[in-house]
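*Asks:*
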Amino acid sequence: MEPQERLKILSSDMDFELAEDFNCPKIESKKKYSGFVHDAVMPNGKTIPLLKTLLTSACERDCHYCPFRAARNFRRTTLKPDEMAQIFMGMHRAGIVEGLFLSSGLIGGGVSTQDRLIDTAYILRKKLGFKGYLHLKIMPGVEIDQVEQAMKLANRVSINLEAPNPKRLNILAPHKEFGDELLQPLKWINGIRSSNPKNTSWNGRWPSVATQFVVGGAGESDVELLSTTEYLYQDLNLRRTYFSPFNPVKDTPLEGQPATKLQRESRLYQASFLIRDYGFSMEELPFNQQGNLQDSDPKLSWAKLHLTENPVEINQANKEQLLRIPGIGPKGAATLLRERRKNRLRSVEELRNIGINPTRVVPFILLDGHRPSRQLSLL
Ligand code: SF4
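Okay, here's the thing in structure tokens:
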């Protein structure tokens, strides 16, 4: 089979993997590639066409939720590192893709599989001169030297924890070791970034780091997922945790389980951003008795409880206090701090003029000592 045909097969089953922020498939790409080139939003906010693919769809493990598990009967295929690098560069030179997200099924163990991923990255960077975006997956059970090599070649590295702790991982993937195989590489990455000069990497910057959870497949609560997320953001400096809603796959041990509702995914993202960017702690998030987030925006729920009777004076609050107000994010807080140095803010019209949506903030603020809700009704 031609390498292009194999690439098409390898890329077509990758929808469960979220590693960047994806928009719709890039259907305007040349016809033979459309469907597996995705518009992806990069960590810097730029959108690029990204090829998301595997080196091989064969796998020796039997994770209970995964479409690539060994016991599943479907057509599998493989590309060698050189084939993958050449075909990707062909697409890149033709203007079809700007970046690559490269993962793999496990064959011959994590060390051997990681070697093939690193070989592909090495050929792209050192032999073919690729200077674009490269996201490399770190395989379970790799060695520390391999993690460092991958970091020197990639813009982003990631290893999927899949579950928030060993007990839950045992339900999803009983043959994976949570601590030694999955969490340890994330600790190594953090250690390498903090103790080695970044100018040894290909572009003078260490890659960002991400992980992914399969949400709802192991009966875990939101408290479990977000406690681990808090640890990853605060102690291991991860850039992003992704929440991939569980979807049952035919011919897997979990095929009879219901799919996870998208609403849960959305609440988890909202809560994780509150932890990462807004200074919220786990204790402040609104969980129910089962340890799950309530079915409403967690920041709004917190504000209704804490700010309705104690509104925040927009002209005096510090950045942390501003970030607690629904409708004000890091950008809005920075704008407010800048604008109020020039003028005292007195009206909702002034808020609107600097890009703050008054409807969301008004129930929780004071403007120059006054509640502005009446002003809003007059607009
Ligand atoms: S090791 Fe990865 S590819 Fe293989 S079955 Fe498990 S999750 Fe799927």
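Take the sequence shown: its letter number 68 is residue 74 in our numbering, and every next letter is one higher.
We treat Cβ as the ideally placed atom computed from N, Cα and C, and that holds for glycine.
When the distance is taken between beta carbons, is Leu192 closer than 9 Å to Ile165?
*Replies:* What you label residue 165 is simply residue 159 of the sequence shown in a count that begins at 1. What you label residue 192 is simply residue 186 of the sequence shown in a count that begins at 1. Yes, the pair counts as a contact, with Cβ atoms nearer than the cut-off.
*Asks:* Are there 16 or more other CB atoms within 10 angstroms of the CB of Asp283, so buried, or fewer, so exposed?
*Replies:* The residue you call residue 283 lines up with position 277 of the sequence shown. Result: exposed.
*Asks:* So, at 7 Å on beta carbons, what are the nonlocal neighbours of Ser227 in its own chain, with the 5 sequence-adjacent residues on each side left out?
*Replies:* Residue 227 sits at position 221 when you count from the first residue of the sequence shown. The residues are Gln296, Gly297, Asn298.
*Asks:* Tell me which residue opens and which closes the alpha helix (DSSP H) that Gly96 is part of.
*Replies:* For the purposes of this step, residue 96 is taken as residue 90 along the sequence shown, with counting starting at 1. Taken as a continuous stretch (DSSP letters only), the alpha helix (DSSP H) holding Gly96 covers 87 to 99.
*Asks:* In the DSSP assignment, find the unbroken beta strand (DSSP E) run with Ser250 in it and report its ends.
*Replies:* Within the sequence shown, the letter at position 244 stands for residue 250. Residues 246 to 251.
*Asks:* Quick one: using the 10 Å Cβ neighbour count with 16 as the cut-off for buried, is Ala169 buried or exposed?
*Replies:* Counted from its first residue, the sequence shown places residue 169 at position 163. Its Cβ being crowded by 16 or more others within 10 Å, Ala169 is buried.
*Asks:* Where does Val117 land, buried or exposed, given buried means 16+ other C-beta within 10 angstroms?
*Replies:* Within the sequence shown, residue 117 is the residue found at index 111, counting from 1. It is exposed - the Cβ of Val117 has fewer than 16 other Cβ atoms within 10 Å.
*Asks:* Three-state secondary structure (DSSP) at Arg162?
*Replies:* Counting from 1 along the sequence shown, the entry for residue 162 is found at position 156. Correct three-state label for Arg162: strand.
*Asks:* Could you check what DSSP says for Asp45 in three-state terms: helix, strand or coil?
*Replies:* On the sequence shown, residue 45 is found 39 positions in, with the first residue counted as 1. If DSSP states are grouped into helix, strand and coil, Asp45 belongs with the strands.
*Asks:* If I follow the unbroken alpha helix (DSSP H) through Val354, where does it start and stop?
*Replies:* Numbered from its first residue, the sequence shown carries residue 354 at position 348. Here the alpha helix (DSSP H) through Val354 covers 354 to 359.
*Asks:* From Phe80 to Leu178, what does the alpha carbon distance come to, in whole angstroms?
*Replies:* Position 74 of the sequence shown, counted from the start, is the residue given in the question as residue 80. Position 172 of the sequence shown, counted from the start, is the residue given in the question as residue 178. Using only the alpha carbons, I get a separation of about 20 Å.
*Asks:* As a quick exercise: from Asn349, Arg199, Ser272, pick the residue whose alpha carbon is nearest that of Glu154.
*Replies:* Numbered from 1 along the sequence shown, position 148 holds the residue referred to as residue 154. It is Arg199.
*Asks:* Should Leu112 be counted as a contact of the ligand SF4 given a C-beta to heavy atom distance under 8 Å?
*Replies:* Walking along the sequence shown from the start, residue 112 turns up at place 106. Yes, the ligand SF4 has a heavy atom inside 8 Å of this Cβ.
*Asks:* When you compare only the Cα positions, how much space is there between Asn253 and Arg12?
*Replies:* Along the sequence shown, read from residue 1 onward, the residue named residue 253 stands at position 247. Along the sequence shown, read from residue 1 onward, the residue named residue 12 stands at position 6. Between Asn253 and Arg12, the C-alpha separation is close to 25 Å.
*Asks:* Output the residue ranges of the alpha helix (DSSP H) runs that lie fully inside the segment 100 to 147 and measure 4 residues or longer, sorted by chain position.
*Replies:* Complete alpha helix (DSSP H) runs here, min 4: 115 to 128.
*Asks:* Please go through the segment 178 to 253 and give each complete beta strand (DSSP E) segment of 3 or more residues, from N-terminal end onward.
*Replies:* Segments of the beta strand (DSSP E) lying fully in the segment 178 to 253: 214 to 221, 246 to 251.
*Asks:* So for His376, helix, strand or coil by DSSP?
*Replies:* By 1-based counting over the sequence shown, the position of residue 376 is 370. Note: His376 maps to strand in three-state DSSP.
*Asks:* In terms of alpha-carbon separation, which member of Lys310, Met48, Leu159, Leu189 lies closest to Arg131?
*Replies:* Here residue 131 corresponds to residue number 125 of the sequence shown, with the count starting at 1. Ranking Lys310, Met48, Leu159, Leu189 by Cα distance to Arg131 puts Leu159 first.
*Asks:* Select from Arg366, Gly101, Gly210, Gly135 the residue whose C-alpha is nearest the C-alpha of Asn161.
*Replies:* If you number the sequence shown from 1, residue 161 lands on position 155. Residue Gly210 is the option with its Cα nearest to Asn161.
*Asks:* Nearest CA to the CA of Gly111: which residue from Thr206, Gly51, Lys86?
*Replies:* On the sequence shown, position 105 is the one that residue 111 refers to. Nearest option by C-alpha distance: Lys86.
*Asks:* How would you call Met7, buried or exposed, if buried means at least 16 neighbouring beta carbons within 10 angstroms?
*Replies:* Working through the sequence shown from its first residue, we reach residue 7 at position 1. Exposed, because fewer than 16 other Cβ atoms sit within 10 Å of the Cβ of Met7.
*Asks:* Just reading off the beta strand (DSSP E) that Thr53 is part of, what are its end residues?
*Replies:* Numbered from its first residue, the sequence shown carries residue 53 at position 47. Counting along the chain, the beta strand (DSSP E) containing Thr53 begins and ends at 53 to 60.
*Asks:* When DSSP labels each residue in this structure, what does Leu299 get in the three-state scheme?
*Replies:* Locating residue 299 in the sequence shown gives position 293, counting from the first residue. Three-state result, Leu299: strand.
*Asks:* Helix, strand or coil, according to DSSP, for Val367 in the structure here?
*Replies:* Against the sequence shown, residue 367 aligns to sequence position 361. In this structure, Val367 counts as helix in the three-state DSSP scheme.
*Asks:* Measuring only the C-alpha atoms, how far is Glu315 from Ile371?
*Replies:* In the sequence shown, counting from the first residue as 1, residue 315 sits at position 309. In the sequence shown, counting from the first residue as 1, residue 371 sits at position 365. Roughly 10 Å between the two C-alpha positions.
*Asks:* Tell me whether Pro254, by its Cβ, gets closer than 8 Å to a heavy atom of the ligand SF4.
*Replies:* As a position in the sequence shown, residue 254 is number 248, starting the count at 1. Not so, every heavy atom of the ligand SF4 lies at least 8 Å from the Cβ.
*Asks:* Just mark Thr266 as buried or exposed, buried being the case when its beta carbon has 16 or more other beta carbons within 10 Å.
*Replies:* Translated into the one-based positions of the sequence shown, residue 266 becomes position 260. Flag for Thr266 reads buried.
*Asks:* Can the beta-carbon of Thr258 be found closer than 9 Å to that of Gln218?
*Replies:* As a position in the sequence shown, residue 258 is number 252, starting the count at 1. As a position in the sequence shown, residue 218 is number 212, starting the count at 1. No, the Cβ-Cβ distance between Thr258 and Gln218 is not below 9 Å.
*Asks:* When you measure from the CB of Lys58 to every non-hydrogen atom of the ligand SF4, does any distance come out below 8 Å?
*Replies:* Along the sequence shown, read from residue 1 onward, the residue named residue 58 stands at position 52. False, no ligand heavy atom lies under 8 Å from that Cβ.
*Asks:* What residue from Pro317, Gln92, Leu343 has the CA that sits closest to Asp376's CA?
*Replies:* Here residue 376 refers to the residue found at position 370 of the sequence shown. A small correction: the amino acid at residue 376 is His; Asp does not occupy that position in the sequence shown. Minimum Cα distance to His376 is reached at Pro317.
*Asks:* Are there 16 or more other CB atoms within 10 angstroms of the CB of Ile360, so buried, or fewer, so exposed?
*Replies:* Working through the sequence shown from its first residue, we reach residue 360 at position 354. Burial call: exposed.
*Asks:* With a threshold of 8 Å on Cβ separation, who are the neighbours of Leu108 within its own chain once the five nearest residues in sequence on each side are excluded?
*Replies:* In the sequence shown, residue 108 corresponds to position 102, counting from 1. If we look at Leu108 and ignore the five residues flanking it on each side, its Cβ neighbours are Thr59, Leu60, Leu61, Met90, Leu123, Thr126, Ala127, Leu140, His141, Leu142, Lys143.
*Asks:* Is Gln152 buried or exposed, if buried means 16 or more other CB atoms sit within 10 Å of its CB?
*Replies:* Within the sequence shown, the letter at position 146 stands for residue 152. It counts as buried.
*Asks:* Taking 8 Å as the cut-off, is the C-beta of Pro332 nearer than that to any heavy atom in the ligand SAH?
*Replies:* Annotation note on the ligand SAH: not contained in the displayed structure, which lists the ligand SF4 as its ligands.
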